[in-house]
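Using the working numbering, read the sequence shown as starting at 6 and increasing by one per residue. Quick reminder that beta carbons are idealized off the backbone N, C-alpha and C, glycines included.
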Amino acid sequence: MKPLYQARDRIEAQLLKDFLGGYHIRVLVQGEYLSGAAGELPVIQFPQLWALEDRDYDRARELIGLFLERDTGDDPWQCQKCGEWIEPQFQICWNCATKRV
Ligand SMILES: [Zn+2]
């Protein structure tokens, strides 16, 4: 197995797991919690995603890339109405004045 991606938090890890599951790629989330020594609070680590099948690795990396692009607010966005690509600093389509969703 190869590590695919280091998630920011459990929620992102779960979203990615579900997302990849939709493409029939099975992943494992590891390292969410490490139990500390007795009397200590458990250490929460950044969860890591692993592809269960090595043959899924390249496809999974590609899909994660797409997922992350969709997720950030700093990339150009595509107008839902006319399909134009808009620079991230604008919240309204220059072509048809549709608001960013
Ligand atoms: Zn538009």
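Beta-carbon spacing of I69, L33 below 8 Å: Mapped onto the sequence shown, residue 69 falls at position 64. Mapped onto the sequence shown, residue 33 falls at position 28. Going by beta carbons, I69 and L33 fall outside the 8 Å limit.
On a CA-only basis, which of D61, V106, G26 is nearest W82? Give me that one, please.
-> Here residue 82 refers to the residue found at position 77 when the sequence shown is read from its first residue. Comparing alpha-carbon positions, the option among D61, V106, G26 lying closest to W82 turns out to be V106.
From which residue to which residue does the alpha helix (DSSP H) around Q19 run? Sequence index remark: in the sequence shown, residue 19 carries index 14 (1-based). Its alpha helix (DSSP H) spans residues 15 to 26.
>> According to DSSP, is A65 part of a helix, a strand, or is it coil?
In response: The count along the sequence shown starts at 1 and reaches residue 65 at position 60. In the structure shown, A65 sits in a helix (DSSP, three-state: H, G or I).
### Message
Closer than 7 Å to a non-hydrogen atom of ligand 1 - does that hold for the CB of K7?
### Response
For the purposes of this step, residue 7 is taken as the residue at position 2 of the sequence shown. K7: no, Cβ never under 7 Å from ligand 1.
Beta-carbon within less than 8 Å of E92's beta-carbon, same chain only, minus the 5 sequence neighbours each way: which residues are those? The count along the sequence shown starts at 1 and reaches residue 92 at position 87. Excluding positions up to five away in sequence, the list reads P81.
Is L57 helix, strand or coil when you go by DSSP? Here residue 57 refers to the residue found at position 52 of the sequence shown. L57 falls in the coil class under three-state DSSP.
Item checked: Segment limits, beta strand (DSSP E) that includes Q35 -> In the sequence shown, counting from the first residue as 1, residue 35 sits at position 30. Residue range 32 to 35 is occupied by the beta strand (DSSP E) that includes Q35.
query: Going straight from the alpha carbon of L71 to that of L54, what length do you get?
result: Looking up residue 71 in the sequence shown gives position 66. Looking up residue 54 in the sequence shown gives position 49. The alpha-carbon of L71 is positioned some 16 Å away from that of L54.
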